[in-house]
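Below you'll find the structure, written out as structure tokens, and then a few comments.
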Amino acid sequence: NAGVTQTPKFRVLKTGQSMTLLCAQDMNHEYMYWYRQDPGMGLRLIHYSVGEGTTAKGEVPDGYNVSRLKKQNFLLGLESAAPSQTSVYFCASSYSSQTESQYFGPGTRLTVT
Amino acid sequence: AQSVTQPDIHITVSEGASLELRCNYSYGATPYLFWYVQSPGQGLQLLLKYFSGDTLVQGIKGFEAEFKRSQSSFNLRKPSVHWSDAAEYFCAVGGRGNTPLVFGKGTRLSVIA
């Protein structure tokens with residue numbers, strides 16, 4: 020089992036460029052999450068999904084879009100990157116509810132210049 | 002909505018000394034409570050969780066935490082710290098309505114010889 024994987028690990032974007040971060044899990048989990056981690060801010064939830072074909076907004080959704088076309092994948096898109104989106108992005112998954120143990124990926128470090 | 006506070010940004014302890022990391026939460030009912038650990042450059046890993054029942058919960062790596070309703074606290078403890086425990090520790094709280102977890106801002110633990 021690979022668990023939760025994230026692609027890419029690092030990325031540098033220029034302001035206004037777009038990109039997609041891919042998260043994949045092989046644990047048959049229903050719930051998937053995207054967080055961003057900034058110094059002194061802890062983890063903040065961007066978007067989440069409670070099952071294939073569903074998405075919902077978290078605490079900081081502005082500037083991001085997500086899709087869950089397949090149960091095992093959760094994509095995070097930035098349509099027009101801004102320097103404020105420089106962060107480390109973590110994907111996580113849990114089996115069947117928000118309050119079950121979440122399994123985290125290794126993170127993607129994104130820099131927007 | 003629930004919230005969580007970790008009052009200590011950074012703590013330094015000597016190897017072999019005991020450790021207590023503080024976590025205070027705000028929620029109207031009995032919450033779900035979690036402690037996660039993040040080693041440098043990695044994703045988060047669940048240490049332990051409290052849902053109900055015995056208020057003293059045991060986790061991995063020799064950690065334990067105690068839920069104290071009267072103090073709205075869920076402090077993490079370890080009797081003897083090892084150098085490998087140096088990491089960032091996050092407390093998280095979940096509500097009973099299957100709402101997303103809210104993470105604290107984290108406490109960074111340094112271990113000195």
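Chains as they are written, first to last, in my numbering: chain A, 20 to 132; chain B, 2 to 114.
We put the CB at the ideal spot given by N, CA and C, even for glycine.
At a Cβ threshold of 8 Å, is residue i touching chain D?
i        : result
A/Ser106 : Among the chains of the structure shown, chain D does not appear; the protein chains present are A and B.
Does the Cβ-Cβ distance between residue i and residue j come in under 8 Å?
i        : j        : result
A/Asn84  : A/Glu98  : yes
A/Val23  : A/Tyr122 : yes
A/Leu32  : A/Ala100 : yes
B/Gly96  : B/Tyr28  : yes
A/Gly96  : A/Thr39  : yes
B/Leu22  : B/Tyr37  : no
B/Gly107 : B/Gln46  : no
A/Thr127 : A/Lys28  : yes
A/Gln92  : A/Ala43  : Before going on, a small fix: residue 92 of chain A reads as Asn here, not Gln. Cβ distance < 8 Å, so A/Asn92 and A/Ala43 count as in contact.
Mapping the DSSP letters down to three states, classify residue i as helix, strand or coil.
i        : result
B/Ile10  : coil
A/Ser112 : strand
A/Asp45  : coil
B/Arg70  : helix
B/Ser111 : strand
A/Ser86  : strand
B/Gln43  : coil
B/Lys62  : helix
B/Ser15  : strand
A/Ser106 : strand
A/Ser99  : coil
B/Ser4   : strand
Am I right that residue i and residue j are in contact with their C-beta atoms under 8 Å? What's the rounded C-beta distance?
i        : j        : result
A/Glu78  : A/Arg63  : 5 Å
B/Val112 : B/Val103 : Contact doesn't hold; Cβ gap of about 28 Å is too wide.
B/Gln59  : B/Glu67  : B/Gln59 to B/Glu67, Cβ: 11 Å. No contact.
B/Ser40  : B/Ala88  : 5 Å
Starting from residue i, trace the beta strand (DSSP E) in both directions and tell me its first and last residue.
i        : result
A/Asp57  : Tyr50 to Asp57
B/Gly54  : Looking at the DSSP string, B/Gly54 is not in any beta strand (DSSP E), and its letter there is neither H nor E.
A/Val23  : Val23 to Thr26
B/Glu89  : Ala88 to Gly95
A/Gly61  : Gly61 to Ser68
B/Leu102 : Run containing B/Leu102: none; DSSP gives neither H nor E here.
A/Thr130 : Thr127 to Val131
B/Asn25  : Asn25 to Ser27
A/Val79  : Unbroken run through A/Val79: none, as it is neither H nor E.
B/Glu21  : Leu20 to Leu22
A/Val31  : Phe29 to Leu32
Can you grab the Cα-Cα spacing for the pair residue i / residue j, in whole Å?
i        : j        : result
B/Asp86  : B/Gln43  : 14 Å
B/Pro101 : B/Phe52  : 15 Å
B/Leu77  : A/Thr118 : 19 Å
A/Ser106 : A/Met60  : 11 Å
A/Ser103 : B/Gly54  : 43 Å
B/Ile61  : B/Gly17  : 17 Å
B/Lys69  : A/Ser112 : 28 Å
B/Ile10  : A/Pro58  : 11 Å
A/Arg30  : A/Tyr108 : 11 Å
A/Pro80  : B/Ala114 : 43 Å
A/Val69  : A/Ser37  : 26 Å
B/Ala30  : B/Gly98  : 11 Å
A/Asn47  : B/Val14  : 40 Å
A/Gly82  : A/Tyr52  : 16 Å
B/Gln72  : B/Arg109 : 23 Å
With a threshold of 7 Å, establish whether the CB of residue i neighbours any heavy atom of the ligand ZN.
i       : result
B/Gly17 : Looking at this structure, you won't find the ligand ZN or any other ligand, since it has none at all.
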